[in-house]
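Single-structure report; data block below.
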Amino acid sequence: MNTKVSRVYPRSLTFGDTTVELATMTAADAPALAEFVKTLPVHDRLFVRRDVSHPKVLDAWIGALAQGHVTSLVARDGATMVGCTAIVVDPLSWSSHVGELRVLVAPAWRGRGLGRALIQENFALALGLHLSKLTVQMTVDQRAAIAVFEELGFRAEAVLRDHVKDHDGQAHDLALLSHDVAEVQSRLRMFGVDDALQH
Ligand SMILES: CC(C)(COP(=O)(O)OP(=O)(O)OC[C@H]1O[C@@H](n2cnc3c(N)ncnc32)[C@H](O)[C@@H]1OP(=O)(O)O)[C@@H](O)C(=O)NCCC(=O)NCCS
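The opening position of the sequence shown corresponds to residue 1114 in my numbering, with each subsequent residue numbered one higher.
See below:
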């Protein structure tokens, strides 16, 4: 797998009168990431395979960036992290063509279009990483989040019963959605616009 990010960062996104900077996440973002995670409701962390409120999990995330197994973006409003994403790939598995996408937006920033923009940005990243499929998972009650992903072409593939347990020991079902990135790329190529996504 080619883990080189071919898209150019930083880039700017405008939401109303606020400009958000998008950049690739590096080890220097670790303190801001730890602050960002504190703003998330506990329930929103359940869909991520590991509990991101745990410092060891954040350390592993930052460590994986250097190894190229995780490609992460940060969205900043000034010095404050207001969103972040991760595409996780296991290059040694039989699914090295599949990226697991995670998208998190700070509660104060939700409903302004940042989440949708970050998901679209990750389509371009996935193409640059030569992935053919993206998966995303979230608890089945995250109806709004599921709707955003479906609107962008993700389709439900499975429901994993009682798959995550919260800190109170209550089990929740996980929905697994996927997107055929390779198919989208071939459609774009047909229209001659796929190059635009690579820069
Ligand atoms: C899912 C998530 C990334 C969406 O981010 P966002 O910045 O709010 O998304 P957008 O502003 O682009 O919203 C897209 C649409 O979903 C709706 N929406 C998003 N989150 C919503 C929420 N919590 N409640 C109600 N509607 C919501 C918006 O109204 C918008 O629809 P519209 O443009 O037609 O009005 C964000 O809610 C989040 O971080 N959730 C917790 C983590 C999670 O579930 N991540 C997804 C699994 S990886």
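From the three backbone atoms N, C-alpha and C, an ideal C-beta is built for every residue, glycine too.
Whether residue i touches residue j by CB criterion (8 Å)
i, j, result
"LEU1146", "LEU1171", "yes"
"ALA1199", "SER1209", "no"
"SER1299", "LEU1247", "no"
"GLN1250", "LEU1217", "no"
"LEU1178", "THR1252", "no"
"GLY1212", "LEU1231", "no"
"LEU1273", "LEU1287", "yes"
Member of the options whose CA lies at the smallest distance from the CA of residue i
i, options, result
"ALA1219", "ALA1269, GLY1196, LEU1231 and SER1245", "GLY1196"
"HIS1156", "SER1291, GLU1296 and LYS1278", "LYS1278"
"ALA1188", "TRP1222, VAL1272 and LEU1289", "TRP1222"
"VAL1150", "THR1137, ASP1164 and ALA1141", "ASP1164"
"ALA1269", "GLN1283, ARG1256 and GLU1148", "ARG1256"
"VAL1121", "LEU1301, ASP1286, ALA1192 and GLU1234", "GLU1234"
"ALA1237", "ALA1173, LEU1214, ASP1254 and GLY1282", "LEU1214"
Alpha carbon of residue i to alpha carbon of residue j, nearest angstrom
i, j, result
"ILE1175", "THR1139", "7 Å"
"GLU1095", "ARG1229", "As displayed, the chain neither begins before 1114 nor continues past 1312, which places residue 1095 out of reach and without an answer."
"ASP1130", "ASP1190", "11 Å"
"ARG1225", "HIS1182", "30 Å"
"ALA1271", "LEU1244", "20 Å"
"VAL1201", "ALA1239", "10 Å"
"PRO1168", "LEU1205", "26 Å"
"ALA1192", "THR1137", "15 Å"
"ALA1315", "ALA1295", "Absent from the model: residue 1315. The displayed extent of the chain is 1114 to 1312, so no value can be given."
"ALA1173", "GLN1180", "10 Å"
Same chain, Cβ closer than 6 Å to residue i, five either side skipped, listed in chain order
i, result
"GLY1266", "HIS1292"
"GLY1284", "Per the sequence shown, residue 1284 should be read as Ala rather than Gly. Closer than 6 Å at Cβ, skipping near neighbours: ASP1275 and LYS1278."
"VAL1133", "LEU1126, ALA1188 and ASP1190"
"ALA1258", "MET1251"
Contact set for residue i: own chain, Cβ-Cβ below 8 Å, skip 5 residues either direction
i, result
"MET1194", "ASP1142, ALA1145, LEU1146, GLU1148, PHE1149, VAL1187, ALA1188 and ALA1219"
Close beta carbons around residue i, own chain, < 7 Å, minus the five adjacent residues each side
i, result
"SER1166", "VAL1150 and ARG1158"
"LEU1128", "Looking at the sequence provided, one finds Phe at residue 1128 rather than Leu. Excluding positions up to five away in sequence, the list reads ARG1225, GLY1226 and LEU1227."
"LEU1135", "TYR1122, PRO1123, ARG1124, LEU1126, LEU1186, ALA1188 and GLU1234"
"MET1303", "none"
At what residue ranges does the segment 1143–1212 contain a whole run of the alpha helix (DSSP H), taking only runs of 4 or more?
The segment 1143–1212 contains these whole alpha helix (DSSP H) runs: 1143–1151 and 1168–1180.
Secondary structure, alpha helix (DSSP H): runs of 4+ residues fully inside the segment 1267–1305
Every alpha helix (DSSP H) of 4 residues or more that sits fully in the segment 1267–1305 is shown, in chain order, as 1294–1303.
So within the segment 1220–1250, which uninterrupted beta strand (DSSP E) runs reach at least 3 residues, ignoring any that extend past its ends?
Correct list: empty.
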